[in-house]
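Reading through the structure tokens given below for one structure.
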Amino acid sequence: MSQTWKFGPPLPPVELPETSHAPDWQQARPASIARALKRALERPHGNWYVVDASRRLGEAPRLFRVAGEDLVAWRAGGELLVAPDACPHMGASLSRSRVCEGKLVCPWHGLALGNEGHGAWGTYPVHEDGVLTWVRVGPEAPDTPRPVLPPRPSLFMEGVIRMEARCDPEDVIANRLDPWHGAHFHPYSFASLSVLDLDDHVLKVRVAKKLVGRLVVETDATFHSPEPRTIVMTIVEGEGRGSVVETHATPIEPGRTAVIEATLATSDREGFRHALKLNRFIRPFIERSARRLWVDDAAYAERLYALRKGASA
Ligand code: FES
Ligand SMILES: [Fe+2]
363 MSQTWKFGPP LPPVELPETS HAPDWQQARP ASIARALKRA LERPHGNWYV VDASRRLGEA
423 PRLFRVAGED LVAWRAGGEL LVAPDACPHM GASLSRSRVC EGKLVCPWHG LALGNEGHGA
483 WGTYPVHEDG VLTWVRVGPE APDTPRPVLP PRPSLFMEGV IRMEARCDPE DVIANRLDPW
543 HGAHFHPYSF ASLSVLDLDD HVLKVRVAKK LVGRLVVETD ATFHSPEPRT IVMTIVEGEG
603 RGSVVETHAT PIEPGRTAVI EATLATSDRE GFRHALKLNR FIRPFIERSA RRLWVDDAAY
663 AERLYALRKG ASA
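So the sequence shown is numbered by our numbering: it starts at 363 and just counts up by one.
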């Protein structure tokens, strides 16, 4: 008889919904997913978009396409700058510039461009939140002068992945608002997944995550969307309580989305503070695990997009 070994203290018993022993596809509530998605899409966002992990943005210029605009990002004296990629002289791509004293030097006719701008060309508002870099593309909204950030643990190890999917941001959020697909769609990661509580704003699940072989760790986690292009999983009970996974969906252009996912893992175990020094060695494992899930979840989101587009054609 097969046996699963649980790691960590047992969680308090909960009364699961009556349908919890039914197959996932019978438990699934597509109408609940649609309602939670609608609520998420109504939240203010202030035109802020996640670009990438801040540590991946250095002095060398990098090209990003965000909401249909080509942008160049580079650091000058440690400060991150983001501006239109097209040179204001004759349109050359500034991502091919060399950087001299913090300024981009256009590869075509050598115009030097920096923080002070040039005519209509100028830098965009940027926010670095300690892990991720955001850019505002579009007008400032009075109620969101900064990005809407979820609570984070005070001490954490982090890993950030960036992937692309052929869908819109709402398909990425809808994927995460569907807890019922987890155990079937990612059998290599989850032994079981049950919905504990569900409303239009917060979803609570109990997850048995596979570690090695038959060793699993059981946790309770909530999902909520602080703004329309972000969904956050927070471990609220069990091993790693307080850890969060922030999934951000940045539109590149219609039908193309960048998924930027930050895992911020914390622990109240003794010695975790010292273990933080090992973050750079542990990061590849965090990122490999997140990437593996997103290979499947991107296929799910792309399927949603294809269905929506097929339905509206
Ligand atoms: S196109 Fe950049 S300086 Fe001419
Ligand atoms: Fe998934």
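Backbone N, C-alpha and C define an ideal beta-carbon position, used for all residues, glycine too.
Query, Result
"Inter-stretch contact (C-beta, 8 angstroms, three-pair minimum) for the segment 422-431 and the segment 491-501", "yes"
"Beta-bridge pairing of residue 613 - partner residues as DSSP gives them", "619"
"Start and end residues, alpha helix (DSSP H) containing residue 422", "Here residue 422 belongs to no alpha helix (DSSP H), and DSSP marks it neither H nor E."
"Ligand 2 heavy atom lying under 7 angstroms from the CB of residue 477", "no"
"Residue 562 CB to nearest heavy atom of ligand 2 below 7 angstroms", "no"
"Distance CB(residue 436)-CB(residue 425) smaller than 8 angstroms", "no"
"Contact under 8 angstroms by Cβ, residue 616 with residue 403", "no"
"C-alpha distance - residue 410 paired with residue 630, whole-angstrom precision", "33 angstroms"
"N-terminal and C-terminal residue of the beta strand (DSSP E) that residue 559 is part of", "552-560"
"Reference residue 516; option with closest CA among 607, 658, 528 and 626", "626"
"DSSP state of residue 458 mapped onto helix, strand, coil", "helix"
"Rounded Cβ spacing between residue 395 and residue 545 (contact assumed at less than 8 angstroms)", "Wrong, their Cβ atoms sit about 17 angstroms apart, outside the cutoff."
"Beta-carbon proximity list for residue 493, same chain, < 6 angstroms, skipping 5 on both sides", "520 and 624"
"beta-carbon residue 655 near ligand 2 non-hydrogen atom, thresh 7 angstroms", "yes"
"Where the beta strand (DSSP E) through residue 601 begins and ends", "No beta strand (DSSP E) contains residue 601, which DSSP labels as neither H nor E."
"C-alpha distance - residue 673 paired with residue 474, whole-angstrom precision", "49 angstroms"
"Boundaries of the beta strand (DSSP E) in which residue 436 is found, first to last residue", "431-438"
"Chain-order list of residues whose beta-carbon lies under 6 angstroms from that of residue 408 (same chain, five-residue window excluded)", "503 and 506"
"Residue 633 Cβ short of 7 angstroms to ligand 1 heavy atom set", "no"
"Rounded distance between the beta-carbons of residue 530 and residue 667, thought under 8 angstroms", "6 angstroms"
"Residue 560 vs residue 568 beta-carbon contact at 8 angstroms", "no"
"Supposed close pair residue 597, residue 539 - CB separation, criterion 8 angstroms", "With 8 angstroms as the limit, residue 597 and residue 539 do not qualify as a contact, their Cβ atoms being about 18 angstroms apart."
"Backbone CA spacing between residue 488 and residue 477 [nearest angstrom]", "12 angstroms"
"beta-carbon residue 547 near ligand 3 non-hydrogen atom, thresh 7 angstroms", "By its list of ligands, the structure shown excludes ligand 3, since it contains just ligand 1 and ligand 2."
"Closest Cα partner of residue 480 within the set 587, 491, 466 and 656", "466"
"Residue 657 burial status per 10 Å Cβ neighbour count (16 or more: buried)", "exposed"
"Nearest residue (CA-CA) to residue 511, options 634, 412, 548 and 570", "412"
"beta-carbon residue 659 near ligand 2 non-hydrogen atom, thresh 7 angstroms", "yes"
"Ligand 2 heavy atom lying under 7 angstroms from the CB of residue 543", "yes"
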